[in-house]
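Peer 1:
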Amino acid sequence: MTLKIENHQLVGDLVSHRSTPNCGGIMAPSYLIFHYTAGRSTESSVESLCTRKAQGNASAHVVLGRDGRIVQLAPFNVVTWHAGVSQWAGLVGLNSHSIGIEMDNAGLLKKVGSQYQAWFAKVYPDDEVTLAAHRNGGPVSPWHTYTEAQIERSVELADLLVEHYGLQDILGHEDIPPGRKTDPGPAFPLAAVRSRVIGREQDEPPRYVVTASSLNIRKGPDASFDRVAAALKSGSEVLLLEARDRWSLVEVVADPEIEGWVSNAYIAPSTGRGMALPRFTVAGPASTDPTIAVAKLKKGGKGKKARRHAP
Ligand SMILES: [Zn+2]
374 MTLKIENHQL
384 VGDLVSHRST
394 PNCGGIMAPS
404 YLIFHYTAGR
414 STESSVESLC
424 TRKAQGNASA
434 HVVLGRDGRI
444 VQLAPFNVVT
454 WHAGVSQWAG
464 LVGLNSHSIG
474 IEMDNAGLLK
484 KVGSQYQAWF
494 AKVYPDDEVT
504 LAAHRNGGPV
514 SPWHTYTEAQ
524 IERSVELADL
534 LVEHYGLQDI
544 LGHEDIPPGR
554 KTDPGPAFPL
564 AAVRSRVIGR
574 EQDEPPRYVV
584 TASSLNIRKG
594 PDASFDRVAA
604 ALKSGSEVLL
614 LEARDRWSLV
624 EVVADPEIEG
634 WVSNAYIAPS
644 TGRGMALPRF
654 TVAGPASTDP
664 TIAVAKLKKG
674 GKGKKARRHA
684 P
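Under my numbering, think of the first position of the sequence shown as 374, with each following residue one higher.
(1) State yes or no: is the C-beta of A433 within less than 8 Å of the C-beta of E475?
(2) Which parts of the stretch 512 to 588 are runs of the alpha helix (DSSP H), unbroken and 4 residues or longer, counting only runs that do not cross its ends?
(3) So D499 and G438 are in contact, right, with Cβ under 8 Å, and what is the actual spacing, rounded?
(4) Compute every distance between the C-beta of H455 and the non-hydrogen atoms of ligand 1, then say whether any falls below 7 Å.
(5) To test your reading of the DSSP string, which unbroken beta strand (DSSP E) runs of 3 or more residues are found completely within the stretch 422 to 469?
(6) Counting beta carbon pairs with one atom in the stretch 553 to 573 and one in the stretch 600 to 612, are three or more of them shorter than 8 Å?
(7) Can you tell me where the beta strand (DSSP E) with Y404 in it begins and where it stops?
(8) Nearer than 7 Å: is that true of the beta carbon of K483 relative to any heavy atom of ligand 1?
(9) Would you mind stating whether C423 and L387 have Cβ atoms separated by less than 8 Å?
(10) Would you say the beta carbon of K377 comes nearer than 7 Å to a heavy atom of ligand 1?
(11) Quick one: residues in its chain with C-beta nearer than 6 Å to the C-beta of G412, no 5 flanking neighbours on either side, listed in chain order?
(12) Residue range of the beta strand (DSSP E) that Y354 falls in?
(13) Does the beta-carbon of H470, which I'm using as the reference point, lie nearer than 7 Å to any heavy atom of ligand 1?
(14) Please report the straight-line C-alpha distance between A506 and P512, rounded to a whole angstrom.
(15) Return the CA-CA distance between I631 and F598, expressed in angstroms with no decimal places.
(16) Going by CA-CA distance only, name the one from Q460, S514, P559, Y489 that's closest to N637.
(17) If you draw a straight line from the alpha carbon of V623 to that of S643, how long is it in whole angstroms?
(18) When the distance is taken between beta carbons, is I590 closer than 8 Å to G633?
(19) Please return the same chain residues whose Cβ sits closer than 8 Å to the Cβ of F653, not counting the five positions on each side in sequence.
(20) Can you determine whether any heavy atom of ligand 1 sits closer than 7 Å to the C-beta of H390, and answer yes or no?
(21) Tell me the rounded alpha-carbon separation between F561 and D595.
(22) For P448, which option in R508, L405, H381, K495 has the closest C-alpha, if you only look at C-alpha atoms?
(23) Report the three-state DSSP secondary structure of T393 (helix, strand or coil).
(24) Within the same chain, show all residues whose beta-carbon is closer than 7 Å to that of K484, passing over the 5 residues directly before and after it, in chain order.
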């Protein structure tokens, strides 16, 4: 089963197209974001994502069915509405920077008597239920499982998109605050999918550039930590080792001995070819102290691989 992209549209087996009116302008995607539909079926989700409503319009680039089929709703270079209010690594409003994949999955279930039910009252058999706590918190809960065909197809699709568009990373909707979403949830092996795709695409972590005129690099992810070295100058390149909501652990490309935490508000993804993306600004506490501290962290045998999903 081969899959390819022609003029920002998927071509291949088990691929079909619909056109959603819920979309914006042209963009150059940097991220791939996985979601679950919390819906009843691929058809019902496609219908919903292609419908203009009085409010709460939503869409995505692709709906991925439980049998592995793909329905594309918009070209990959057009903004769709899947991420909502969101931020990641200094970018605000991920809709304008990402490709959204909605996977047909009922999402968080609830136990009613001895049965597991979706919010729309459909009952799912025990073998389609994963009991797990969400990594964002909360109790052990029942989640609708993903199928093998769906997971395999998600890897194939992610592989193609990351390569074709040079995407920086693969995220879950649950990763990008402040929404605190729960999708794709613990039933989806996001870390494994990510490492299968990114792991073979990238020999080194994603490259970012400093956008502040002077950026402190600190011992820990907070302005209260000491500085590890002199402030980084605008345009300095860093490797992103671990990203959190407001701070990221980075290594300075020009001096790999320098490793520390910087505010996400003052770094932006580099294309990997030394060309920075447009500058961005972020309001809020993270932006109050661009000159954060600096401290050299011990490098005790740590790998160079990005560790965004730290245990
Ligand atoms: Zn979502």
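No residue lacks a Cβ here, since even glycine has one placed at the ideal position from N, Cα and C.
Peer 2: Once the coordinates are examined:
(1) In the sequence shown, the residue the question calls residue 433 occupies position 60. In the sequence shown, the residue the question calls residue 475 occupies position 102. A contact, by the Cβ cut-off of 8 Å.
(2) 521 to 538, 563 to 574
(3) Working through the sequence shown from its first residue, we reach residue 499 at position 126. Working through the sequence shown from its first residue, we reach residue 438 at position 65. So it is not a contact: roughly 22 Å between Cβ atoms.
(4) What you label residue 455 is simply residue 82 of the sequence shown in a count that begins at 1. Yes; taking the cut-off as 7 Å, the Cβ of H455 has a heavy atom of ligand 1 nearer than that.
(5) 435 to 437, 443 to 445, 451 to 453
(6) no
(7) For the purposes of this step, residue 404 is taken as residue 31 along the sequence shown, with counting starting at 1. Per DSSP, Y404 belongs to the beta strand (DSSP E) from 404 to 409.
(8) Against the sequence shown, residue 483 aligns to sequence position 110. No, Cβ of K483 sits at least 7 Å from all heavy atoms of ligand 1.
(9) Stepping through the sequence shown from its first residue, residue 423 is reached at position 50. Stepping through the sequence shown from its first residue, residue 387 is reached at position 14. Taking 8 Å as the Cβ cut-off, C423 and L387 do not qualify as a contacting pair.
(10) Working through the sequence shown from its first residue, we reach residue 377 at position 4. K377: no, Cβ never under 7 Å from ligand 1.
(11) Taking the sequence shown and counting its residues from 1, one reaches residue 412 at position 39. Only S418 meet the Cβ criterion.
(12) Here the chain covers residues 374 to 684 and nothing more, so residue 354 does not appear.
(13) If you number the sequence shown from 1, residue 470 lands on position 97. No, the beta carbon of H470 sits no closer than 7 Å to any heavy atom of ligand 1.
(14) Your numbering for residue 506 matches position 133 in the sequence shown. Your numbering for residue 512 matches position 139 in the sequence shown. If I take the Cα positions, the gap works out to 5 Å.
(15) Indexing the sequence shown from 1 puts residue 631 at position 258. Indexing the sequence shown from 1 puts residue 598 at position 225. So the two alpha carbons sit approximately 15 Å from each other.
(16) Working through the sequence shown from its first residue, we reach residue 637 at position 264. Per the Cα distances, Q460.
(17) Taking the sequence shown and counting its residues from 1, the one referred to as residue 623 is at position 250. Taking the sequence shown and counting its residues from 1, the one referred to as residue 643 is at position 270. The alpha-carbon atoms of V623 and S643 are separated by roughly 13 Å.
(18) Along the sequence shown, one-based indexing puts residue 633 at 260. Along the sequence shown, one-based indexing puts residue 590 at 217. Yes; because the gap between Cβ atoms is below 8 Å, this pair is in contact.
(19) Sequence index remark: in the sequence shown, residue 653 carries index 280 (1-based). With a pLDDT of only 33 at F653, under 50, the local geometry of the prediction cannot be trusted, and the value read off the model is given with reservation. If we look at F653 and ignore the five residues flanking it on each side, its Cβ neighbours are G463, L464, V465, T584, A641.
(20) Translated into positions along the sequence shown, residue 390 becomes position 17. No, ligand 1 has no heavy atom inside 7 Å of this Cβ.
(21) Start at 1 with the first residue of the sequence shown, and residue 561 comes out as number 188. Start at 1 with the first residue of the sequence shown, and residue 595 comes out as number 222. Computed Cα separation, rounded: 31 Å.
(22) Position 75 of the sequence shown holds residue 448. Residue H381 is the option with its Cα nearest to P448.
(23) Reading the sequence shown from its first residue, position 20 is the one you call residue 393. In the structure shown, T393 sits in coil (DSSP, three-state: anything other than H, G, I, E or B).
(24) One-based indexing of the sequence shown puts residue 484 at position 111. Here the set comprises P515.
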